[in-house]
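First the structure, in the form of structure tokens, and then the observations on it.
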Amino acid sequence: MKNLFTLIIWAAIIFFSQQLNAQIQNDSISTLIVAENQEAELAYNMGITNFNKGRYEAAIANFGEAIKNKTNFDKAYFNRASAKVELGDFDGAILDFKNTIGINSSFAKAHFGLAFVYFNQQDFDLALENFNGAILNGYSEANVFYYAGVCNFQQSKYPNAIEQFSKAIEKDPRYTYAYNDRASCKRKAEDFEGAIEDYTKAIELEPEMAIFYNNRGSAYRKKGDFEDAISDYDYAISLKEDYFVAYNNKGTANYELKNYKNAIIDFEKAVELNPEYAFAYNNMGTAKMKQKDYKGAIEAFNKAIDADPEYNYAYFNRGSAKEMLRDFDAACKDWTKAMELGYEGAKSLVEQCK
Amino acid sequence: MGLFKIKIIVILIVSLSSGAYAQQFLSISKTEFKTKDEGFKEAWKNLNEGNDAFIQDIKGTYKIALNHYLEANRYNPNTAKLNYLIGICYLNTINKNNAMSYLKKAFNTNEFVSNDVQYWLAIAYQLNYKFKLAKEHLKKYKQNLSPNELLLQSKTIKKRIEECKNGINLLNNPTRVFIDNMGSAINSEYPEYSPVISADENVLYYTSRRPETMGNKKDPIDFEYYEDIYISLKAQGEWLESDPLSKPINTKYHDATVSLAPDGQSLFIFRSSKGGGILESVLDGEDWSFPAPLPRTINSSKYENSACLASDGKTVYFVRQGEENPITGEAGDKDIYVSTKNPITQQWSEGKALSSVVNTDYDEDAVFIHPDGRTLFFSSKGHNGMGGFDIFKTELDENGRFTKPQNLGYPINTTDDDIFFVLAANGKYGYFSSVRPDGFGDQDIYKITFLSPENLILNTEDNLIASIAKPISALSVEKAIEIKKIRLTIVKGLINEALTSEAIGADIEIIDNEKNEIVFQSQSNSSTGKYLVALPSGKNYGLVVKAHNYLFHSENFDIPASSEYQVIEKNIELLSLEIGSKVILKNIFFETGSAKLKNESNAELYRIIKLMKTYPSIKIEISGHTDNVGSEKVNLQLSENRAKAVVDYIIKQGISKSNLSYKGKGFKHPIASNKTSIDRQKNRRVEFEIIENN
């Protein structure tokens, strides 16, 4: 192999809407100095050329040829896996990443690639196992710790997640996503002060990111500082005018302040931006109930259910509105539906209906 | 007689919750009162007539005084004394909250108009839910008392301040209910109170003091008509026009509702004649029996005015008044007592006061035990009330002790009297008496609809993970739901003759199969055949219906402890003692796959023995039946062995072998499909058939 030299390039591959730095093993060679028995390498190089031109199917065929000629060609397996990812063949990619690791268990990037495919399939157990495999084999980019943190978060293992996000921040002190996500862990663990501190750090580093303000607003709201929450939501909205999630949150903060009139204005704005936004319709209904406008509430819950016919809480709330209009039978029907759709809390009310 | 009547007035008619001492009469001089000649003569006359009525200090006379004083006040509305007197009159009538503006004027005009004006102003503030003001005035009033006065009054003032604090708490955490006036079919401008209902809410009895009450006379004590009992029936969900009960329930004296058995077949009433006390009348067909006094252990020489029989028929909760204070002459306070029936002697035990968890130094009254047998409601002027009688709830815990009473909360309870609460078997509706702004006048009967806890759920979401575009949602508001569970099964229906469908007044026995004892006995109504029994959850019950010259009928109800409120409708047809009459013995139990009788079967077996001893001329066949699981041969053998086991048991108890035969019928005569486990269970049975009757 002395005639060959190896060059690793980073390819930015977009999986769905996510960003991942995956790696293609790129050996650049000169055909003039192809020696005997170099068919595998030749095919491999063709594969890279095709890959870089976006001809993934051809690339897969090339890498396959390479593997046929050299069965333990780990880099060819790895590259074919990357091409399969590009084509959305995740099962095939998993198989090739596994083959890479089978040949060379310390192939850190293969562990990372495999982990990322699992991550996208939302199999956070296997993803975490392989992110850890990547770390164990010397992969030490900030993002591996970040994604390991996200896996832990998704499994509700917040202390572990915090540890990983902290490592990511250690590697890259300007890693705003890691600050944001570490804050979210703290928020989940009801450490609202800690959450606010980390969201603030993310905001300081990247003051144009609307989601950081929205999230900090929600931490304030959870803490009971509704005025601060509203101020953050307003700022998030000023950065991202169609941020219906922030409007919905602002409405909820106003609801908590018993400012039902303003809450309804916010929820209305949210559904204006996203007419299918079931949450905001539902929340608007609850605010109308607080205003004793039960008919208006039912209309709002109806819209929530139109937008999401499986929305158990909207059925539950609508039942409560119907109860206040003394339509007890209809209330019982809605509570029963909420229970059938998985809301356990409706059970005791349904029993009362007998 | 006079003394006795006063007691009735104090107890059955909601009394003024005024506290420790009487109000003062203030004499107004001509010079104080006269402002001008015009209208003076008339006003002065009204003032003096008001004074005459006021100083009688009898409940009914304050209303008369008030009308005169209000006339006089139109001439001169600015005398502190007259405003004080009007305020005091209002405090002694049904519209107590009207006292506030007059007492306020009296106090603001001259805060020394009487030495107690500030106290009564505070009370008026309390009645109008101005708890903070009430507290402030009570505290100031207390500061100005002499040491001797303080000694006499400090307990009352402390209690009032406590009530104001309770009021603030209760108003901040209202109970979720609808409260509806029962409407003109029941309420009138006269007092209506003490509603009692059957467990299925189809019959309502209540007390009223209307002009048409029997005898048509007013009680001289309070100038109101004597009490009579009225009935209203529900049809298509509406209460129909009420009718007074006739004799022997209503008389020309006070006749008032006390409580109704869950099946509506027995009524406790209070009657003022013949020394007074609580009497029981039983419904026989359409007629109420002549009321008979409750036993002396309950209806003692002391004063009892409220009683409620638990649905097990073995426990009575009642209210007894304590001894009068020999020094001050103050009436004793009323407490809740319990008496139980001895299962062997059938005697009721001496009444025993409930513990201080339930009874306070103040009055407890209007006791009601729910058909679930463990939830007790009563009204009290003590505990954490906000003024007057408030309604409370307490529950029997696993150790048979009552839990700390809970205030039913605002708006059920108000600063005035809220009393005579009863709760429907399903726990969803309650009925009570109160004076409210939407009333027809005086006390009215109100219906409470208990609503589910407010538990609105908001959904929010955030971009918790920056690398995932889709926001992650969360429930924003979700409180735990706590609902009081009624663990009770109501079984109701009709008992009829199988062939003619005629109603039968049959004896109903409820048996605890495990303990093999009768837990409750009752009768179906002889003219309608209706029956109703309340079965608290947690037992395997046998229900047996017996009537003379009929084969008994038996049903089994297995009601686990976790079962919540349910109503089972079960019509029962009784077969006469004729050849071919057949009964399924639903309370005979075998061990699985065996012909060994379980002990739980003893009661049913005993009933067969008793029937055969009562009617020695009948010959019966006992047949065993199985489901279709397993081979015919095995099933035939098992069914025969089981039938034989029943017959052997009966013979052992002294019934002649010649009157008995048995047969195993396997699965050849199914009564259900065998497709489901419930149907298969129905098919596994023992039957009893009359084959000869000489």
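The listed protein sequences derive, respectively, from chains A and B.
Counting from 1, position 317 in the first sequence corresponds to residue 490 in our numbering; the numbering is continuous, with no gaps.
Counting from 1, position 209 in the second sequence corresponds to residue 1123 in our numbering; the numbering is continuous, with no gaps.
Where a beta carbon is used, it is the ideal one built from N, C-alpha and C, also for glycine.
All values reported here derive from a predicted model rather than from experimental measurement.
Practice problem: Please report the residue range of the beta strand (DSSP E) in which LEU1402(B) lies. | Solution: In the second sequence, counting from the first residue as 1, residue 1402(B) sits at position 488. LEU1402(B) -> beta strand (DSSP E) spans 1402-1411.
Quiz item: Which runs of the alpha helix (DSSP H), 4 residues or longer, sit entirely within the stretch 1251-1337 of chain B?
Solution: The stretch 1251-1337 of chain B contains no whole alpha helix (DSSP H) run of 4 or more residues.
Quiz item: Using a beta-carbon distance below 8 Å, is GLN196(A) in contact with chain B?
Solution: Reading the first sequence from its first residue, position 23 is the one you call residue 196(A). Per-residue confidence for GLN196(A) stands at a pLDDT of 46, beneath the threshold of 50, marking its modelled position as unreliable; the derived number appears in the next sentence. Output row for GLN196(A): interface = no.
Quiz prompt | Boundaries (first-last residue) of the alpha helix (DSSP H) holding ASN218(A) | solution = Taking the first residue of the first sequence as 1, we reach residue 218(A) at position 45. From DSSP, the alpha helix (DSSP H) with ASN218(A) extends over 212-225.
Quiz item: Among ILE1250(B), CYS1078(B), ILE972(B), LYS950(B), which one has its Cα closest to the Cα of ASN990(B)?
Solution: As a first step, residue 990(B) is located in the second sequence; it is residue number 76 there, counting from the start. It is LYS950(B) whose Cα lies nearest to the Cα of ASN990(B).
Quiz item: Do you know offhand how far THR349(A)'s Cα is from GLU381(A)'s?
Solution: On the first sequence, position 176 is the one that residue 349(A) refers to. On the first sequence, position 208 is the one that residue 381(A) refers to. As the crow flies, the alpha-carbon of THR349(A) is around 12 Å from that of GLU381(A).
Exercise. State buried or exposed for ASP1133(B), treating a residue as buried only when at least 16 other CB atoms are found within 10 Å of its CB.
Key: For the purposes of this step, residue 1133(B) is identified with residue 219 of the second sequence, where counting begins at 1. Result: buried.
Quiz item: How would you list, in chain order, the residues of chain B whose beta-carbon sits under 9 Å from the beta-carbon of ASP407(A)?
Solution: Within the first sequence, the letter at position 234 stands for residue 407(A). Going along chain B, no residue has its Cβ under 9 Å from ASP407(A), so there is no contact; the nearest lies around 16 Å.
Exercise. Let me know if ARG347(A) comes out buried or exposed under the rule of 16 or more other beta-carbons within 10 Å of its beta-carbon.
Key: The residue you call residue 347(A) lines up with position 174 of the first sequence. ARG347(A) comes out exposed.
Self-check item: Endpoints, the beta strand (DSSP E) within which HIS1051(B) is located
Solution: Along the second sequence, one-based indexing puts residue 1051(B) at 137. Not the beta strand (DSSP E): HIS1051(B) falls in the alpha helix (DSSP H), residues 1045-1057.
Quiz item: Start and end of the alpha helix (DSSP H) containing ASN435(A)?
Solution: Here residue 435(A) refers to the residue found at position 262 when the first sequence is read from its first residue. 433-446 is the span of the alpha helix (DSSP H), which, as asked, contains ASN435(A).
Quiz item: If you count every other CB in all the chains shown that lies within 10 Å of the CB of ALA1380(B), and 16 or more means buried, which is it?
Solution: Here residue 1380(B) corresponds to residue number 466 of the second sequence, with the count starting at 1. Classification for ALA1380(B): buried.
Quiz prompt | Closest residue to THR1070(B) among LYS1148(B), ALA1036(B), GLY1323(B), ASN1086(B) (Cα-Cα distance) | solution = Here residue 1070(B) is taken as the residue at index 156 of the second sequence, counted from 1. Out of LYS1148(B), ALA1036(B), GLY1323(B), ASN1086(B), ALA1036(B) has the C-alpha closest to the C-alpha of THR1070(B).
Self-check item: Through-space distance from SER1477(B) to ASP1226(B), alpha-carbon basis
Solution: Here residue 1226(B) refers to the residue found at position 312 of the second sequence. Here residue 1477(B) refers to the residue found at position 563 of the second sequence. Their Cα atoms are separated by approximately 18 Å.
Quiz prompt | Collapsed DSSP secondary structure at GLN1435(B) in the structure displayed | solution = Here the question's residue 1435(B) lines up with position 521 in the second sequence. Three-state DSSP puts GLN1435(B) in a strand.
Quiz prompt | Own chain residues within Cβ distance below 7 Å of GLU483(A), not counting five before or after | solution = For the purposes of this step, residue 483(A) is identified with residue 310 of the first sequence, where counting begins at 1. Hits under 7 Å: LEU514.
Quiz item: Mind checking if GLU496(A) is an interface residue toward chain B, Cβ cutoff 8 Å exclusive?
Solution: Along the first sequence, one-based indexing puts residue 496(A) at 323. Closer than 8 Å to some Cβ of chain B, the Cβ of GLU496(A) qualifies, so yes.
Quiz prompt | Terminal residues of the beta strand (DSSP E) in which VAL1600(B) lies | solution = Within the second sequence, the letter at position 686 stands for residue 1600(B). Taken as a continuous stretch (DSSP letters only), the beta strand (DSSP E) holding VAL1600(B) covers 1599-1607.
Quiz item: Is DSSP giving ILE972(B) helix, strand or coil here?
Solution: Reading the second sequence from its first residue, position 58 is the one you call residue 972(B). Coil, per DSSP.
Quiz item: Where does the unbroken beta strand (DSSP E) through HIS1467(B) begin, and where does it stop?
Solution: Mapped onto the second sequence, residue 1467(B) falls at position 553. Secondary structure note for HIS1467(B): its beta strand (DSSP E) is the uninterrupted segment 1467-1473.
Practice problem: Would you decide whether ARG253(A) is buried or exposed? Buried here means 16 or more other CB atoms lie within 10 Å of its CB. | Solution: Within the first sequence, residue 253(A) is the residue found at index 80, counting from 1. Buried is the call here.
Quiz item: Closest Cβ-Cβ distance between TYR1479(B) and chain A: below 8 Å?
Solution: As a first step, residue 1479(B) is located in the second sequence; it is residue number 565 there, counting from the start. Output row for TYR1479(B): interface = yes.
Quiz item: Interface residues of chain A around PRO1385(B) at Cβ under 7 Å?
Solution: For this step, residue 1385(B) is matched to residue 471 along the second sequence. Residues of chain A passing the Cβ test: VAL418.
Quiz item: Using the beta-carbon count (16 or more within 10 Å), is LEU301(A) buried or exposed?
Solution: Along the first sequence, read from residue 1 onward, the residue named residue 301(A) stands at position 128. With 16 or more Cβ atoms within 10 Å of its Cβ, LEU301(A) is classed as buried.
Quiz item: Is the Cβ-Cβ distance between ASN1485(B) and ASN1439(B) less than 8 Å?
Solution: In the second sequence, the residue the question calls residue 1485(B) occupies position 571. In the second sequence, the residue the question calls residue 1439(B) occupies position 525. No. Outside cutoff.
Self-check item: Buried/exposed call for ASN1321(B), threshold 16 Cβ in 10 Å
Solution: To locate residue 1321(B), count along the second sequence from 1; it is residue 407. Looking at its Cβ environment, which holds 16 or more other Cβ atoms inside 10 Å, ASN1321(B) is buried.
Quiz prompt | Three or more C-beta pairs below 8 Å linking the stretch 990-1009 of chain B and the stretch 955-969 of chain B | solution = yes
Quiz item: So, does the CB of GLU524(A) fall closer than 8 Å to a CB anywhere in chain B?
Solution: Here residue 524(A) is taken as the residue at index 351 of the first sequence, counted from 1. Using beta-carbon distances, GLU524(A) counts as an interface residue toward chain B, with a partner under 8 Å.
Quiz item: In terms of alpha-carbon separation, which member of LYS1342(B), TYR983(B), ALA1557(B), GLU1200(B) lies closest to GLY1419(B)?
Solution: For the purposes of this step, residue 1419(B) is identified with residue 505 of the second sequence, where counting begins at 1. Closest option to GLY1419(B), Cα to Cα, is GLU1200(B).
Quiz item: What is the DSSP secondary structure of LYS1352(B), counted as helix, strand or coil?
Solution: Residue numbering aside, residue 1352(B) sits at position 438 when the second sequence is read from its first letter. Residue identity differs from the one stated: residue 1352(B) is Asp in this sequence, not Lys. Coil.
Quiz item: Which residues in the same chain as ASP507(A) place their Cβ atom closer than 6 Å to its Cβ, once the five residues preceding and following it in sequence are excluded?
Solution: To locate residue 507(A), count along the first sequence from 1; it is residue 334. Result list for ASP507(A): TYR488, ARG491, GLY492, in chain order.
Quiz prompt | Beta carbon proximity, SER1476(B) to chain A, threshold 8 Å | solution = Along the second sequence, read from residue 1 onward, the residue named residue 1476(B) stands at position 562. Taking 8 Å as the threshold, the shortest C-beta distance from SER1476(B) to chain A does not fall below it.
Self-check item: Simplified DSSP state of VAL1091(B), which is helix, strand or coil
Solution: As a working note, residue 1091(B) is residue 177 in the second sequence. Correct three-state label for VAL1091(B): strand.
Quiz item: Does the beta carbon of LEU1064(B) come closer than 8 Å to any beta carbon on chain A?
Solution: The residue given as residue 1064(B) occupies position 150 in the second sequence. Answer no: the Cβ-Cβ gap between LEU1064(B) and chain A never drops below 8 Å.
Quiz item: Thinking just about the alpha-carbon of each residue, which of LEU1085(B), GLU1115(B), ASN960(B) is nearest to the one in ALA1338(B)?
Solution: Reading the second sequence from its first residue, position 424 is the one you call residue 1338(B). Minimum Cα distance to ALA1338(B) is reached at GLU1115(B).
Quiz item: Residue range of the alpha helix (DSSP H) that VAL1196(B) falls in?
Solution: Numbered from 1 along the second sequence, position 282 holds the residue referred to as residue 1196(B). Counting along the chain, VAL1196(B) falls outside any alpha helix (DSSP H), though it belongs to the beta strand (DSSP E) covering 1191-1198.
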